[in-house]
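Residue numbering for the sequence shown follows full-length UniProt numbering, beginning at 1 and increasing consecutively. All residues carry an ideal CB built from backbone N, CA and C; glycine is no exception. Written out below as structure tokens is the structure these notes cover.
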Amino acid sequence: MPRKPKVSVDEATEVLKEFILLGNFKDNNFPVKSSEIWTEMSQRLDGKWGPRDVYREVREDRRKILSKAREEVGVASVSSLNMTQEDTNTSETESENDSNSSGSEWEASGTETILLPIDKELFEILHEKEPIMYKKRKYDVLERFKWTSMLAEKIYAFTYLPCAFVFKNAKIYTDEGSIHYLTIRGRCQSKLCGNTILAFLDK
Numbered sequence: 001m002p003r004k005p006k007v008s009v010d011e012a013t014e015v016l017k018e019f020i021l022l023g024n025f026k027d028n029n030f031p032v033k034s035s036e037i038w039t040e041m042s043q044r045l046d047g048k049w050g051p052r053d054v055y056r057e058v059r060e061d062r063r064k065i066l067s068k069a070r071e072e073v074g075v076a077s078v079s080s081l082n083m084t085q086e087d088t089n090t091s092e093t094e095s096e097n098d099s100n101s102s103g104s105e106w107e108a109s110g111t112e113t114i115l116l117p118i119d120k121e122l123f124e125i126l127h128e129k130e131p132i133m134y135k136k137r138k139y140d141v142l143e144r145f146k147w148t149s150m151l152a153e154k155i156y157a158f159t160y161l162p163c164a165f166v167f168k169n170a171k172i173y174t175d176e177g178s179i180h181y182l183t184i185r186g187r188c189q190s191k192l193c194g195n196t197i198l199a200f201l202d203k
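Here it is as structure tokens:
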């Protein structure tokens, strides 16, 4: 049997609703990890989650607790693209349309996750499909060159990261059982930097 979570969805949602009504979490500009708000929320949850756990669960909207809390207090949902920034210099051997991504890659250690608000135009582009054949397998991928500059501009405007990202492996998951609708890999062009971004858009 799966282990029972320390904090139920209902518990987390109720605490989040309290803090949203106080003016927090109405958009995706989250407090920094060291903010006292995470400690306060941990205390409201009787310490079942530590401050870092609260930070991660809320920012990543795990089990949709943030989405549910916002909906229940009447805060409009925010379309967002989750991005996991990984500071690494691993080699890039994949082609632009090849992808063997698994869910575990999104849980890599030493990463920072943010929710990136996107506008209607980019949202619609990210939902376009162009099936192609690669290595005798059919993948659904985004049309090349149409969205990359828009996404790079959004990332810079929201994070101020000085990276010039090149994006690869924009794969669409059409299976009903898949966790994400879309995954995108990106890497800074600077060899001195080498930062990578793993982005995903949920269904």
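So what does DSSP say about residue 187, is it helix, strand or coil? To locate residue 187, count along the sequence shown from 1; it is residue 187. Strand.
Coarse secondary structure for residue 202, derived from DSSP in three states: If you number the sequence shown from 1, residue 202 lands on position 202. In this structure, residue 202 counts as strand in the three-state DSSP scheme.
In terms of alpha-carbon separation, which member of 13, 5, 50 and 202 lies closest to residue 117? Along the sequence shown, read from residue 1 onward, the residue named residue 117 stands at position 117. From the listed residues 13, 5, 50 and 202, the smallest Cα separation to residue 117 is found for 202.
Where the alpha helix (DSSP H) through residue 21 begins and ends: The sequence position of residue 21 within the sequence shown is 21, counting from 1. From DSSP, the alpha helix (DSSP H) with residue 21 extends over 9-21.
Check for me: the alpha helix (DSSP H) holding residue 122 runs from which residue to which? On the sequence shown, residue 122 is found 122 positions in, with the first residue counted as 1. It spans 120-126 - the alpha helix (DSSP H) in which residue 122 sits, taken as one unbroken run.
DSSP three-state assignment for residue 181, whether helix, strand or coil: Within the sequence shown, residue 181 is the residue found at index 181, counting from 1. Three-state result, residue 181: strand.
Once you ignore the five residues that flank residue 164 on each side, which residues in its own chain have a CB closer than 8 Å to its CB? Working through the sequence shown from its first residue, we reach residue 164 at position 164. Only 152, 188, 189 and 190 meet the Cβ criterion.
State yes or no: is the C-beta of residue 164 nearer than 7 Å to some heavy atom of the ligand ZN? No copy of the ligand ZN appears in this structure; indeed no ligand is present at all.
If we count the other Cβ atoms within 10 Å of its Cβ and call it buried at 16 or more, is residue 42 buried or exposed? Your numbering for residue 42 matches position 42 in the sequence shown. With 16 or more Cβ atoms within 10 Å of its Cβ, residue 42 is classed as buried.
On the premise that residue 126 lies in contact with residue 115, defined as a C-beta separation below 8 Å, what is that separation, rounded to the nearest angstrom? In the sequence shown, the residue the question calls residue 115 occupies position 115. In the sequence shown, the residue the question calls residue 126 occupies position 126. The pair is not a contact, with the Cβ atoms about 15 Å apart (cut-off 8 Å).
Proximity test, Cβ basis, 8 Å: residue 165 and chain C: Of the protein chains in this structure there is only one, and it is not chain C.
Nearest by alpha-carbon distance to residue 69: which of 147, 32 and 14 is it? Taking the first residue of the sequence shown as position 1, residue 69 is located at position 69. When each option's Cα is compared against that of residue 69, the closest is 14.
Nearest by alpha-carbon distance to residue 5: which of 53, 44, 28 and 195 is it? Taking the first residue of the sequence shown as position 1, residue 5 is located at position 5. Checked all of 53, 44, 28 and 195; the closest Cα to residue 5 is 53.
Limits of the alpha helix (DSSP H) - the one that residue 154 falls within: Taking the sequence shown and counting its residues from 1, one reaches residue 154 at position 154. Looking at the DSSP string, the run of the alpha helix (DSSP H) that includes residue 154 is 148-159.
With a threshold of 7 Å on Cβ separation, who are the neighbours of residue 55 within its own chain once the five nearest residues in sequence on each side are excluded? Translated into positions along the sequence shown, residue 55 becomes position 55. If we look at residue 55 and ignore the five residues flanking it on each side, its Cβ neighbours are 33 and 38.
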